[in-house]
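Peer 1: Under the numbering used here, think of the first position of the sequence shown as 6, with each following residue one higher.
Heads up, the beta-carbon is just placed ideally off N, CA and C, and yes, glycines get one too.
Since the model is a prediction, treat every value here as computed from it, not as a measurement.
Before I ask anything, here is the structure I am working with.
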Amino acid sequence: MGLFVAGVNPRRPVFPSASQHLADAAARRALLGAVSGHRSLSEGLFVAADGRLELYAVADEGCDAYDIAAGLFGAVAEGEVAGALYFAEGIDAASHLFAALCGLDEFARGPREGASLPGECDGLAAAGELSQPGGRGALGAPGLPDALAACWARALSEARKAATLGDALTRLAAAASGLSSALSAADASASTAALAETAVELARRVFGHLERRCVLAAGAGDFSLALAGAFLGAGVERFQVLGDGNCEEAARVLGAPVADPQLLSALLVDADIVLAESAVEGASLDRRLMKGVVRLRRGRPMLLVDASADGSLIDHRVASLDGVFLYAVADLAAITRDAPWARLGTDDARERLFADAVRTLALQMG
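So, in C-alpha cells, the structure goes:
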C-alpha cells in the first residue's frame, strides 16, 4: 500500500466547478463514501480549502492511483480533469502537505511571488514627525495559511466519521499537527523579533543615534526583555530595571540594577526610552507625573512603549506632551506590517521546520 496526494490545479478551468461542489459537506461525504467503497483504496480524506482541492489516500500496490483520483474528482467537476491534476506519492505526498502548511509551496506563495519590499522609510515617519498611530490589532503570524490548517482539521474529522482514516493518514496527521505547533512557536518568536526591530527603528528616528541613551524597563516580562535585548544589540549601553524581586532575572540579563519604585520620577528624567509591560506597585506612569518629567528634561525627547497586552499601562494622554512619543504593542504591529523587516527570520525558520518534518516522517516511514 502507498500514500499519495492528488490535487486539482487551481489555475485550470475545471477547478471552480469542483471547488463549488466540494464546498458542500454532503458532497464531501458522498466522495468519502466512494473512497470507502473503492476496492483499491484503504484510506482517504479530502481537503477543500480556498484555492486547494486535494485527495490524500492510501492505495494498493500496483494500481494506478492517478487514474483513481482523476475518476473521483471527475465525478464532481465539469470538464476534463485528468490533465488538471498534480500528483505525488510516498514521502513526496507528505512533503507537499508540509510545504503547504509552511506556506512554501507554489499555491501558498501565490501573490507573494516577485513581490518587492517597501522602501526603507515606508510605514515610518521621518524623525521629528512621528505621529501616534491608531491601534489596529496585533501582528498576525506572517504567511501562515490558516484556512488550510482549518480545512485539514475538518478533513480529518470527516474522514474519521466516514471510517476512511487508517494508520498511514493518522501518522501523517500527527506529523502535520506537530509541524503546526512548531510553526506557531516560530511565528510568535519571529513576530516578537520584528516588533522589537520596529521599536529600535522608531528610537533611531527620535534620537538619531542610540549610543549613550538610557532604557528603563518597568515591570519587565518576556516581551519587554525582547525589546530591551534588541536595544542592547543596537548599541544602547545603559539600562535600569524598575520593579520588585521578580525583576532580578531581567536585571541580570541586562546587567542593570533593580531600582526602587519611589525613585521613578528621577529615573524617568534620566531615561530616554521606557519599556513598561506590567504594573509596578507605587509607580504609575500617568500624565501628571510625566508632565513634571518633561519639564525637567528640558526639551529632550522620550520614547515610551506600552508593552502590556491591552496597552493600558501608560496613560495615553501623555502622548500630547511635547517631545513624548508613546506606542502600544498594537501600534508597533501596525507599523511592522509595512516594514522591510516584517518577516524577520520567518522564511528561514519555516524552511528549517519543513525540512525537519520531512526528515522525521521519512525515518518513521522507513
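Three-state secondary structure (DSSP) at V205?
Peer 2: Reduced to three states, the DSSP call for V205 is helix.
Peer 1: Among the candidates V86, A178 and E282, whose CA atom is the shortest distance from the CA of I225?
Peer 2: The question names Ile, but residue 225 in the sequence shown is Ala. Comparing Cα-Cα distances from A225 to each of V86, A178 and E282, the minimum goes to E282.
Peer 1: Give the DSSP bridge partners of L8, in chain order.
Peer 2: For L8, which the question treats as bridged, DSSP gives the partners V63.
Peer 1: Determine contact between the segment 55-74 and the segment 10-26, defined as no fewer than three beta-carbon pairs at a distance below 8 Å.
Peer 2: Contact between the segment 55-74 and the segment 10-26 is present, because at least three Cβ pairs lie under 8 Å.
Peer 1: Keeping to the same chain, check which residues put their C-beta closer than 6 Å to that of L60; ignore five residues upstream and five downstream.
Peer 2: Closer than 6 Å at the Cβ level, and outside the excluded window around L60, lie A11, F51 and A74.
Peer 1: Can you find the residues in the same chain that come closer than 7 Å, C-beta to C-beta, to D275, ignoring five residues on each side of it along the sequence?
Peer 2: Answer for D275: C219, listed in chain order.
Peer 1: Tell me, please, whether the segment 326-334 touches the segment 298-313 by the rule of three or more beta-carbon pairs shorter than 8 Å.
Peer 2: Contact holds: three or more Cβ-Cβ distances are below 8 Å.
Peer 1: Measure how close the beta-carbons of C107 and L358 come, nearest whole angstrom, since I'm counting them as under 8 Å.
Peer 2: Rounded, the Cβ-Cβ distance is 7 Å, consistent with contact.
Peer 1: Three-state secondary structure (DSSP) at C107?
Peer 2: Here C107 sits in coil by DSSP.
Peer 1: Should L383 go down as buried or exposed, given a rule of 16 or more other Cβ atoms within 10 Å for buried?
Peer 2: The requested residue 383 is not part of the displayed model; the chain covers only 6 to 371.
Peer 1: In angstroms with no decimal places, state the Cα-to-Cα distance between S47 and L37.
Peer 2: Approximately 11 Å between the Cα atoms of the pair.
Peer 1: Are L77 and A39 close, meaning C-beta to C-beta below 7 Å?
Peer 2: Taking 7 Å as the Cβ cut-off, L77 and A39 qualify as a contacting pair.
Peer 1: Short of 7 Å in beta carbon distance, which residues of its chain neighbour A261, apart from the five on each side in sequence? Order them along the chain.
Peer 2: Closer than 7 Å at Cβ, skipping near neighbours: F244, Q245 and V246.
Peer 1: How would you call L368, buried or exposed, if buried means at least 16 neighbouring beta carbons within 10 angstroms?
Peer 2: Flag for L368 reads exposed.
Peer 1: If you measure between the beta carbons of L272 and A284, is that distance less than 7 Å?
Peer 2: Not closer than 7 Å, so no.
Peer 1: Which residue wins for smallest C-alpha separation from A204, given the options R292, L337 and I96?
Peer 2: Considering only alpha carbons, the answer is L337.
Peer 1: Does DSSP classify L337 as helix, strand or coil?
Peer 2: Looking at L337 - three-state DSSP - the assignment turns out to be helix.
Peer 1: Assign L301 to one of two classes, buried (16 or more other C-beta atoms within 10 Å of its C-beta) or exposed (fewer than that).
Peer 2: Answer is exposed; the Cβ neighbour count stays below 16.
Peer 1: When DSSP labels each residue in this structure, what does V86 get in the three-state scheme?
Peer 2: V86 falls in the coil class under three-state DSSP.
Peer 1: If I follow the unbroken alpha helix (DSSP H) through S47, where does it start and stop?
Peer 2: Per DSSP, S47 belongs to no alpha helix (DSSP H); it is in the beta strand (DSSP E), L46 to A54.
Peer 1: Start and end of the alpha helix (DSSP H) containing V258?
Peer 2: Counting along the chain, the alpha helix (DSSP H) containing V258 begins and ends at E253 to L259.
Peer 1: Taking only three categories from DSSP, how would you classify E282?
Peer 2: In this structure, E282 counts as coil in the three-state DSSP scheme.
Peer 1: Hey, could you find the ends of the alpha helix (DSSP H) Q245 is sitting in?
Peer 2: Counting along the chain, Q245 falls outside any alpha helix (DSSP H), though it belongs to the beta strand (DSSP E) covering R243 to L247.
Peer 1: Would you kindly check if the distance between the Cβ of P266 and the Cβ of A239 is under 7 Å?
Peer 2: No, Cβ-Cβ distance for A239 and P266 is not below 7 Å.
Peer 1: Where does D69 fall in DSSP's three states?
Peer 2: Of the three classes helix, strand and coil, the one that applies to D69 here is coil, per DSSP.
Peer 1: Is the beta carbon of G7 closer than 7 Å to that of E94?
Peer 2: Yes. Within cutoff.
Peer 1: Which class does L309 belong to by DSSP, given the choice of helix, strand or coil?
Peer 2: If DSSP states are grouped into helix, strand and coil, L309 belongs with the strands.
Peer 1: Which one of A105, A70 and S162 has the shortest CA to CA distance from A30?
Peer 2: Checking every option, the nearest Cα to that of A30 belongs to S162.
Peer 1: In chain order, what residues of the same chain lie with their CB nearer than 6 Å to the CB of A5, ignoring the 5 residues before and after it?
Peer 2: An answer regarding residue 5 cannot be provided, because it is not within the stretch 6 to 371 covered by the chain.
Peer 1: Determine the DSSP secondary structure at L58, reduced to helix, strand or coil.
Peer 2: DSSP places L58 in strand when its eight states are reduced to three.
Peer 1: Tell me the DSSP bridge mates of F212?
Peer 2: Partner(s): none; F212 has no beta bridge.
Peer 1: Would you mind sorting D227 into buried or exposed? The rule is 16 or more other CB atoms within 10 Å of its CB.
Peer 2: The residue is exposed, with fewer than 16 neighbouring Cβ atoms inside 10 Å.
Peer 1: Leaving out five residues before and five after V363 in sequence, what residues of the same chain have Cβ atoms less than 8 Å from its Cβ?
Peer 2: Closer than 8 Å at Cβ, skipping near neighbours: I96, A99, S100 and F103.
Peer 1: Quick check: the Cα distance between E286 and A223, rounded to an integer number of angstroms?
Peer 2: Near 11 Å, if we compare the C-alpha coordinates of A223 and E286.
Peer 1: Helix, strand or coil, according to DSSP, for A223 in the structure here?
Peer 2: The answer is strand: DSSP assigns A223 an E or B state.
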